[in-house]
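Add 16 to the 1-based position in the sequence shown for our numbering, that's all there is to it.
Glycine included, every Cβ here is placed at the ideal spot set by N, Cα and C.
Since the model is a prediction, treat every value here as computed from it, not as a measurement.
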Amino acid sequence: MKNVVIVGAGKEGKGTFGDIFYENKWNITFIDKDENVINSLNEKNSYIVEALYENYNEKHIIDHYHAYLIDDYTNSYESILNADVIVLALYPEDIKEALSKLKFSLQKRIKSNYEQKLTILCGTNKNHMMSKLENFLLDDLKIEKEWYCSNVALRDMIIRRSSNSDAKDAVQLTTKIVQTLLIQSPVYFDVSKFKWFELNNNLEMMKDIKLFTYNSPHAACAYVGYKYGYQTIEEASKNKDIKAIMEACVLEAKKGILSSFEITAEELDDFVDAPKPNGEEREYITRVALDPIRKLSRNDRLTGIAMICMENNIECPNLIKAIAYGMSYDCKEDISAKKIQNLILEKGIKKAISDVIGVDEMHPIIKKIQNEYLKIR
């Protein structure tokens, strides 16, 4: 059997990657820094994923895995030693820390299992990270370059699937399964054996498109829905006003994409217009809205495509509106949201918008966002 190590045993680690590799009968090891997450997996010795397909639902029981703390060097080393695939199911800001923790295991693997090929998959929404992560591995962590170049494939992914749970350490999850996950090619394992994996030769472009068409309306729903008093994305997306904003964000994004990316309207529609799963999963607004500083930043899901639209003289009032609602997001448990609200108090809304989205204060988009923000307040 093939071996996968999933670093990050939260909702994506368990609900998405654990489910996919279990379906393909791989040996699975979960590694996480959270003791509660690992204890929960080991106490139950199994977890349940409710899989929502297009026309039916299934209950998947995932068992016969191993689960270790990332600082448990003895056991994590043993799992890394013979891994065919390592999945980094982490937030972007946590990846370098995790790789630093795995440095010892990777160096031991070089000494004792030099020839075995290894694919490292990066499972995050943030794009254009691979060269930086490669430099981090080689220059900062001093991983042997000859071994890395001959035996390691560090690859990005597009995760066209959501998994959710009530808590990170939960052992009951839901996952929507209606599209494949796209993997940057080439890799060192047989992707053709996986029903829900697909290789892609133009992943960086497609990942930008995914961010602007999948994640932008999702974020819009969260930020507007929060202001409307909703708790979940499912509730908010049924509100006719919020639904209209979400749909308009997609239409505006498509216009911007067609003006700037080498993709046809038909190809774009095929990529974006996914089938709906049979049933709904509970997705909390505070999770989708989490870290507005990142999600409102210059090249991310809302500001990135809004700037493309403006650069091509395409009106994007709903993307602008979504950014304004993001600036108003004031969840007290969200450190990033608190920073934005403090910025607004200290510098005023105009300068705060400029600082958060990373665009010069004199750019026309700042005034547009400011005007929408003042309507909200």
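Taken through DSSP and simplified to helix, strand or coil, C325 comes out as helix. Restricting attention to beta strand (DSSP E) runs no shorter than 3 residues, the region 105 to 171 encloses them at 134 to 138, ordered along the chain. The secondary-structure analysis by DSSP pairs K75 across a beta bridge with E66. Cβ neighbours of N58 within its own chain (closer than 6 Å, five residues either side excluded): A83. If the five residues before and after S92 are omitted, its C-beta is found closer than 7 Å to the C-beta atoms of I47, Y84, I86, S121, all from its own chain and listed in chain order. The alpha-carbon of N217 is positioned some 33 Å away from that of K49. Proximity of the region 184 to 194 to the region 143 to 155 falls short of the contact definition, fewer than three beta-carbon pairs being nearer than 8 Å.
In this structure, L198 keeps its C-beta atom at 9 Å or more from the C-beta atom of L170. For H82, the secondary structure class from DSSP, reduced to helix, strand or coil, is strand. Using a Cβ distance threshold of 9 Å, F213 and G320 do not count as a contacting pair. Here the alpha carbon of K311 sits roughly 10 Å from the alpha carbon of K142. Per the coordinates, the alpha-carbon of D285 lies some 15 Å from the alpha-carbon of M221. Shown here for I225: same chain residues with a beta carbon closer than 6 Å to its own, the five before and five after excluded, namely I273 in chain order. Unbroken beta strand (DSSP E) runs of no fewer than 3 residues, entirely contained in the region 203 to 241, are found at 213 to 216, following chain order. According to the DSSP secondary-structure assignment, Q200 is paired through a beta bridge with N216. Judged by beta-carbon spacing, G31 lies within the 9 Å limit of V65, meaning their Cβ atoms are closer than that value. Distance from Y242 to Y89 at the Cβ level is roughly 41 Å; contact not present, criterion being Cβ atoms closer than 8 Å.
Per DSSP, the continuous beta strand (DSSP E) segment holding N19 begins and ends at 19 to 23.
Per the C-alpha coordinates, the member of I309, M326, E299, I339 positioned closest to L318 is I339.
Rounded to the nearest angstrom, the Cβ distance from I356 to V372 is 6 Å, consistent with a contact under 8 Å. For the 9 Å CB-CB criterion, A252 and C265 do not form a contact. In this structure, H76 places its C-beta atom within 9 Å of the C-beta atom of E39. Y230 places its beta carbon less than 9 Å from that of R176. Between L104 and G24 the beta-carbon gap is near 7 Å, inside 8 Å, which marks them as a contact. For V20, same chain residues with a beta-carbon under 8 Å away, outside a window of 5 residues either side, are F33, F37, W42, N43, I44, T45, A99, D100, V101, I102, V103 in chain order. In summary, C165 is exposed, with fewer than 16 beta-carbon neighbours lying within 10 Å of its beta-carbon over all protein chains present. Counting only the Cα atoms, T140 lies some 6 Å from Y107. A residue is called buried once 16 or more other Cβ atoms fall within 10 Å of its Cβ, and T280, having fewer, is exposed. Contact between I136 and V168 is confirmed by a C-beta separation of about 7 Å, below the 8 Å threshold. Within the same chain, no Cβ atom closer than 6 Å to the Cβ of D182 is found once the five residues on either side in sequence are excluded. Minimum Cα-Cα distance from K366 among the listed residues D350, P233, S352, E388 corresponds to E388.
DSSP places L318 in no beta strand (DSSP E); its state is neither H nor E.
Per DSSP, reduced to three states, the secondary structure at I174 is strand.
The C-alpha of P233 is placed about 42 Å away from the C-alpha of Q132. Under DSSP, T45 shares a beta bridge with V21, H82. If you check the CB distance, G26 and K254 do not come in under 9 Å.
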